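Everything in the sequence shown is counted per my numbering, starting at 991 for the first residue and increasing by one.
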Amino acid sequence: MVTELYQGPLLVKVYKTIAGQQVVELTLNTPEALNALNGDMVDLLLAHVPLWEADENVIAIIMRGSGIKAFCAGGDVRQLYHKMAKGSQNVGEIFFNHEYEMDLMLHKLSTPLLVWGSGYVIGGGMGLLQGAALRIGTHSSRLAMPEITIGLFPDVGASYFLRQVPDNLGLFLGLTGAMLNGTDARQLGLLDGLVDDSDYSQVMQALTEMPKQSGADTLSNLKQLIAGLETKASADAPVSNLAAHRQNIISALSQNDLAGIVASLASLKGQDKWLDKALQTMAHGSPTSLHLFYHAFRANFTNVTDALHHEYIVGVNATRLGEFKEGVRALLIDKDRRPSWRYDTVESTPDAWIEKFFVTKNVADAHF
């Protein structure tokens, strides 16, 4: 039995199909914070989703965001900052175990999960989207992994899912925090469908009109439905921002080391606003973060579980070594946007400093 939730940070509504089966709709419900993922949401997802997974009468789970601006614009790390500021040594273990357990749960679901990624889909929101069996974008979608701006690194499985992007362009996305529109995200394989924002009601109606069927049948029918909606909406899809720069970016990413890649990317500045904004984000981001993502990308994880276990170790150490705390302070707490990074450039960042993020001593085992 599915328990509906009518208020709070996560809303749950049940739709009955004509055959008496159920479709569960989840709504992230903090629109004033652009539905940023918080601890209460994660708790509720961990408590409820396994029950729906075990219920044979639930044929699909749909996840969306409240309001029109965002599906989920990142994770709420303000509380984490205050605990880091107090010197708590185990805060990272608690925080990352919690979120990554939830992310991995979504990846492993057998019940079809469709995430409706309209509006901003950033950071922790990308973790939710990429865990879905059907990752749906709309013409308003804006996808990004900009963790370098807060002294962290693209996580929530990005060490794996950005590695799946063709032509090593996932490395570009992680190093620059570039924001993709729906067309570019679809072409790079980060979405399974791109439809009009107004198509949501059609998807829900089609689900309720489906005959008695298995989850596998539901997924197949949903894919067919989305393909039709995508074809219908294609004329109004946004124009690619990436296409004009794709070959130059690929060439820049072919350099032999991180310093060479960063320099080659920086040399592309001045071509248009979209690319300049991405390159500016890279220039102002933490050099430590650039190293951490470069290391994770080169590790070439073949599954999300291994990627999350790696990210857990690095994330826990990041909460103890200061760079992450300083980045959150500058961007989200004091909002002066003037972080004092430990090192000024990727060239001046010593290997010995980066190696501290991979130390497993005094890091509790992951429980996901």
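Beta carbons: idealized from backbone N, C-alpha and C, even for Gly.
Remember, predicted model here, so these are calculated numbers, not experimental data.
Rounded to whole angstroms, the gap between the alpha carbons of Gly1057 and Val1002 is 15 Å. In the three-state reduction of the DSSP assignment, Asn1171 falls in the strand class, which pools E and B. A straight-line Cα-Cα distance of about 26 Å links Tyr1333 and Leu1298. With distances taken between CA atoms, Pro1201 lies nearest to Lys1006 out of Val992, Lys1006, Leu995. DSSP, reduced to helix, strand and coil, places Thr993 outside both helices and strands of the structure shown, so it counts as coil. Residues Leu1001, Arg1054, Ser1056 of the same chain have their beta carbon placed closer than 6 Å to that of Thr1017, with the five preceding and five following residues left out of the count. Within the DSSP bridge table, the entry for Gln1012 names Lys1006, Val1048 as partners. Going by C-alpha positions, Leu1178 is about 6 Å away from Val1155. Partner residues in the beta bridge of Val1105, as assigned by DSSP, are Met1053, Arg1125.
Leaving aside the five residues that flank Gly1164 on each side, the residues in its chain whose CB is nearer than 7 Å to its CB run, in chain order, Met1135, Pro1144, Ala1148, Leu1152, Phe1283, Phe1287. DSSP places Leu1232 outside both helix and strand once states are collapsed to three, so it counts as coil. Burial is judged here by how many other beta carbons sit within 10 angstroms of a residue's own beta carbon; Gly1113 has at least 16 and is buried. Taken in chain order, the whole alpha helix (DSSP H) runs of length 4 or more contained in the region 1284 to 1331 are 1294 to 1311, 1313 to 1318.
For Phe1143, the secondary structure class from DSSP, reduced to helix, strand or coil, is coil.
The DSSP-derived three-state label of Leu1178 is coil. Going by beta carbons, Val1048 and Thr1101 fall inside the 9 Å limit. Contact check for Asp1093 against Gly1117 passes: the beta carbons are separated by less than 9 Å. For Gly1065, the three-state secondary structure derived from DSSP is strand. Rounded to whole angstroms, Ala1256 and Lys1098 show a C-alpha spacing of 39 Å. Cβ-Cβ distances below 8 Å link Glu1089 to Leu1027, Val1032, Gly1065, Gly1114, Gly1117, Val1146 in the same chain, with the five nearest sequence neighbours on each side left out; the list follows chain order. For Ala1134, the uninterrupted beta strand (DSSP E) run begins and ends at 1132 to 1134, by DSSP.
Look at Ala1268 here: in three-state DSSP terms it is helix. Less than 9 Å separates the beta-carbon of Leu1258 from that of Ala1242.
Leu1133 and Gly1172 have their C-alpha atoms spaced approximately 8 Å apart. Distance from the Cα of Gly1010 is smallest, within the candidate group Asp1186, Glu1046, Ala1223, for Glu1046. For Tyr1110, the enclosing beta strand (DSSP E) covers residues 1110 to 1112. In the displayed model, Gly1183 falls within a strand according to three-state DSSP. Counted as a single uninterrupted DSSP element, the alpha helix (DSSP H) harbouring Asn1087 occupies residues 1081 to 1097. Taken atom to atom, the span from the alpha-carbon of Leu1161 to that of Gly1167 is near 10 Å. Of the residues assessed, Ser1279 falls on the buried side of the cut-off, its CB having 16 or more other CB atoms within 10 angstroms. DSSP, reduced to helix, strand and coil, places Thr1017 within a strand of the structure shown. Of the residues Ala1223, Ile1303, Ile1240, the one whose Cα lies closest to the Cα of Phe1347 is Ile1303. Ser1204 and Thr1295 have their C-alpha atoms some 27 Å from each other.
Only buried fits His1300, as 16 or more other CB atoms lie within 10 angstroms of its CB.
Rounded to whole angstroms, the gap between the alpha carbons of Tyr1150 and Gly1121 is 11 Å. DSSP, reduced to helix, strand and coil, places Ala1060 within a strand of the structure shown.
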